[in-house]
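Asks:
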Amino acid sequence: MLFKCKGHCESAKGETKQSVHPKTALPSNSLFHKNLNRGSITPSFLIIFTFLILLLTPLGSIYSQTSQLNPDTIPFAPVVNYSVGGCHTTVFCADLDSDSSLDLAVTNFNNDSVSILKNNGDGTFYLVSNYQAGDGPWTVLCVDLDGDGDLDLAVSNIYSGNVSILKNNGDGTFQAKVDYGTGAYPYRLARGDLDGDGDGDLVAANDLGDRVSILKNNGDGTFQNKVDYVIGLPNSVFCADLDGDLDLDLAVTRSHLSNSFAIFRNDGDGNFGAAETYGGIYEPVDVFCADLDQDGDLDLVMASAGANKVSVFVNNGDGTFQSAVDYNVRDPQGFVFCADLDGDSYPDIAVAHSWSKDVSILKNNGDGTFGSAVNYSTGDWPYGVFCADLDGDKDLDLVTSNCGSNNVSILMNLTPHPLGAFLLLTPTAEDSLKNIIHFNWQASIDPDPRDTVRYDLYLNRSMAFAPESTIVYDGLLDTSYTDSLDLKTWYWKVKAYDKWGATRWSNQTWSFYVYLCGDGNGDAQVNMRDVLYLVKYIFAGGPAPKPLATGDVNCDGQVNFKDVLYLIRYIFTGGSKPCQSCP
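Using the numbering used here, the first residue of the sequence shown is number 52, and each one after it goes up by one.
#1: I need the straight-line Cα distance from isoleucine 412 to leucine 538, nearest angstrom please.
#2: For glutamine 116, which three-state DSSP category applies?
#3: Can you pull the DSSP bridge partners for tryptophan 492?
#4: Report, in whole angstroms, the separation of the C-beta atoms of isoleucine 487 and aspartate 549, which I expect to be a contact under 8 Å.
#5: Three-state secondary structure (DSSP) at valine 615?
#6: Give the DSSP-derived three-state secondary structure of glycine 232 in the structure shown.
#7: Please determine if the segment 209 to 216 and the segment 226 to 240 are in contact, where contact requires at least 3 C-beta pairs separated by less than 8 Å.
#8: Assuming leucine 155 contacts valine 402 (C-beta within less than 8 Å), just tell me the rounded distance between them.
#9: Less than 8 Å between C-beta atoms, sequence neighbours within five positions excluded: which residues of the same chain meet that for serine 309?
#10: In this structure, how does DSSP classify leucine 266 when only helix, strand and coil are distinguished?
#11: In three-state DSSP terms, what is leucine 178?
#12: Expressed to the nearest angstrom, what Euclidean distance is found between the alpha-carbon atoms of asparagine 220 and glycine 394?
#13: Would you list the one or two residues that DSSP bridges to serine 362?
#14: If contacts are defined as beta-carbon pairs under 8 Å, then tryptophan 492 and leucine 474 qualify, I think. What distance do you get, rounded to the angstrom?
#15: Looking at glycine 198 and glycine 270, is the spacing between their C-beta atoms short of 8 Å?
#16: Distance, Cα to Cα, aspartate 544 vs cysteine 568?
#17: For proline 500, which residues of its own chain have a beta-carbon under 8 Å away from its beta-carbon, when the five flanking residues on both sides are left out?
#18: Short of 7 Å in beta carbon distance, which residues of its chain neighbour arginine 89, apart from the five on each side in sequence? Order them along the chain.
#19: So, under 8 Å CB-CB, phenylalanine 388 and cysteine 438 are touching, yes? Tell me the CB distance rounded to an integer number of Å.
#20: Alpha carbons only, please: which of Asp482, Phe289, Asp529 and Ser562 is nearest the one belonging to alanine 515?
#21: Do leucine 536 and valine 130 come within 8 Å of each other at the CB atom, strictly closer than that value?
#22: Can you round the beta-carbon distance between glycine 422 and aspartate 344 to whole angstroms, since I take them to be within the 8 Å contact cut?
#23: How do the segment 237 to 253 and the segment 288 to 297 stand: do at least 3 beta-carbon pairs fall below 8 Å, yes or no?
#24: If we ignore side chains and look at the alpha-carbon of each, how far apart do cysteine 193 and glycine 368 end up?
#25: Would you list the one or two residues that DSSP bridges to arginine 501?
#26: Nearest by alpha-carbon distance to phenylalanine 339: which of Val436, Gly247 and Thr273 is it?
#27: Looking at aspartate 570: is its Cβ nearer than 8 Å to the Cβ of threonine 530?
#28: Pull up the CB-CB distance for tyrosine 238 and asparagine 286, whole angstroms please, since I reckon it's below 8 Å.
#29: Which ranges would you report for the beta strand (DSSP E) in the segment 383 to 442 if only whole runs of at least 3 residues count?
#30: Mapping the DSSP letters down to three states, classify lysine 169 as helix, strand or coil.
#31: To the nearest angstrom, how far is it from the Cα of aspartate 201 to the Cα of serine 180?
#32: Would you call the CB atoms of aspartate 337 and methionine 353 closer than 8 Å?
#33: With respect to 7 Å, is the separation between the Cβ of proline 188 and the closest non-hydrogen atom of the ligand SAH below this value?
#34: How many angstroms separate the CA atom of serine 306 from the CA atom of leucine 259?
#35: What does arginine 316 pair with, by DSSP beta-bridge criteria?
#36: With DSSP collapsed to three states, give me the class of isoleucine 522.
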């Protein structure tokens, strides 16, 4: 149990820069490689210069500019902290002002208030205002309680034994609280349409009241008097359809000496039967429901304070559960959250360490089992944890509310995003072209708005694209490039990549032929042999020039004796060059 402390706790807002992963060098022969970004600094100078930087730079500064990377983990940018108020126990991410970006609502346990931090649209935040809650606010939910399309606030207050409702004015500002009674010490609060009437009801787990309180919504954001269901020492609750009958049941953890959890089954009207109790967990502090093994039913994840573990209870499909599978984590925990953090479509587990300065993530193996916990730095005493796309880049970031350091920690997810498919445009397959060659391709779309897509243009004289014969134009920001090439058949393709390492190749590899007008025999020269080649083609049925346009030296769209005379004048009497005005 946490007791209020009105003492001062220092905290600071940290600002970090995102690190850019260096692009892996592409294999190519240095004689052919054209690096558009290469300078003239020698390798030995770079080694000495890098050594001096490392020698003179404080270790903390080096760390602050790097991602929290580990081969077995999810890449997050260094933590960014926002100072808010006193002892933050929970945080909720939601679009409170209807601007399509997710804002933060944070409980201030020591200050009896809720803070709203507005999103600038890029995952950075600024404090808007604080709103008065009850005594000892512990949990905050953002949910449309009155059916007007915006998200209101519901706050459980453990010392005043009630729930505060703050209605949204539609712009992310809130009306004064209205309180509704619960049992004693309502630590956790859950929302769900329990009676199937289309509005959001509330459930409070009252730790010292030995009961779960149901507050049914009247449909306008006001609530009926509580209805209690007795269960010893409930400290966390989650609403979910656990038995597959399309109504919401309750999963409730029981704290302290109970070492158990309970399931309350819904009869379809928002009434609940007797508790079905399960053991096998030591001092549970929080519960989350998610389909961990992708079998269509909802499993349970619980944080165990007494055993320093996260426990997974797999659903048998009917709302009964298998024995716990435990995973070690560090320190007594705060809250737990399940979400797909690594982009593989399977929900991972994030759990806050309330007596430490970090949060653990356990990655799902794809079958509802999990890898070892990996820790990420946060503020001091993180209780609440929430996963959401804060910067609009299609992956889920991490937020913790920290009681010890009186701040909120943001960990931006840097998982590479799949780049969009793209096509080559020109030159098309089997084109015959005179120099200069203009390459064009479609843009590859990156869902991350922070990223800049670059392109590498590959050219080769065979489909094999062997490294020793590949020419690479790297680091191109545009979707076009122009250059002069030798006369022959060339193959080309393009690779797109972003700064985090995501890559995508063009869907095609196309070939084209570079020719010299007047070079009918294809030996890269214009001379008397080409005159004889044209004469044989025109008068004796010899092979055609390749391409035929090489023989149209006077640009009249035909290959005939006029071209032979034009070519003789050019070679012997200084006449005009072949086909100068033709495309």
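Every residue gets a Cβ at the ideal spot worked out from N, C-alpha and C, and that includes glycine.
Please read these numbers as outputs of a predicted model, since none were measured by experiment.
Replies: Let me lay it out:
#1: The alpha-carbon atoms of isoleucine 412 and leucine 538 are separated by roughly 57 Å.
#2: Low confidence applies to glutamine 116: its pLDDT is 28, below 50, so where it sits in the model is not reliable, and the reading given next is rough at best. Here glutamine 116 sits in coil by DSSP.
#3: Beta-bridge partners of tryptophan 492 (DSSP): Leu475.
#4: The C-beta separation of isoleucine 487 from aspartate 549 comes to about 30 Å, leaving the pair out of contact by the 8 Å criterion.
#5: In this structure, valine 615 counts as helix in the three-state DSSP scheme.
#6: Looking at glycine 232 - three-state DSSP - the assignment turns out to be strand.
#7: With a cut-off of 8 Å, the segment 226 to 240 and the segment 209 to 216 count as touching, because enough Cβ pairs lie within range.
#8: Actually they do not touch by this definition, with Cβ atoms about 20 Å apart.
#9: Correct list, in chain order: Gly283 and Leu284.
#10: Leucine 266: strand per DSSP, three-state reduction.
#11: Of the three classes helix, strand and coil, the one that applies to leucine 178 here is strand, per DSSP.
#12: Distance between the alpha carbons of asparagine 220 and glycine 394: 35 Å.
#13: Looking at the DSSP assignment, serine 362 forms a beta bridge with Met353 and Asp377.
#14: For tryptophan 492 against leucine 474, the beta-carbon gap comes to about 7 Å, under 8 Å, which counts as contact.
#15: Yes.
#16: For the sequence presented, residue 544 should be read as lysine rather than aspartate. Computed Cα separation, rounded: 26 Å.
#17: Shown here for proline 500: same chain residues with a beta carbon closer than 8 Å to its own, the five before and five after excluded, namely Asp173, Asp442, Gly443 and Asp444 in chain order.
#18: Any reading at arginine 89 is ruled out, since the residue's pLDDT is 34, under 50, leaving its predicted position unreliable.
#19: Confirmed, Cβ separation roughly 5 Å.
#20: When only C-alpha atoms are compared, the closest one is Ser562.
#21: Leucine 536 is positioned such that its CB atom lies no closer than 8 Å to that of valine 130.
#22: With a Cβ gap of about 15 Å, glycine 422 and aspartate 344 do not count as contacting.
#23: Yes, the segment 237 to 253 is in contact with the segment 288 to 297.
#24: Each residue's alpha carbon lies about 30 Å from the other.
#25: None, per the DSSP bridge assignment.
#26: Nearest option by C-alpha distance: Val436.
#27: With contacts defined as CB atoms closer than 8 Å, aspartate 570 and threonine 530 fail to qualify as a contacting pair.
#28: Approximately 5 Å separates the beta-carbon atoms of tyrosine 238 and asparagine 286; this is inside 8 Å, confirming the contact.
#29: Listed in chain order, the complete beta strand (DSSP E) runs (minimum 3 residues) inside the segment 383 to 442 are 384 to 390, 399 to 404, 409 to 413, 425 to 428 and 433 to 439.
#30: It is a strand residue.
#31: A straight-line Cα-Cα distance of about 18 Å links aspartate 201 and serine 180.
#32: In contact: aspartate 337 and methionine 353 (Cβ atoms closer than 8 Å).
#33: No copy of the ligand SAH appears in this structure; indeed no ligand is present at all.
#34: Whole-angstrom Cα-Cα distance: 10 Å.
#35: The partner list for arginine 316 (beta bridge, DSSP) is empty, contrary to what the question assumes.
#36: In this structure, isoleucine 522 counts as strand in the three-state DSSP scheme.
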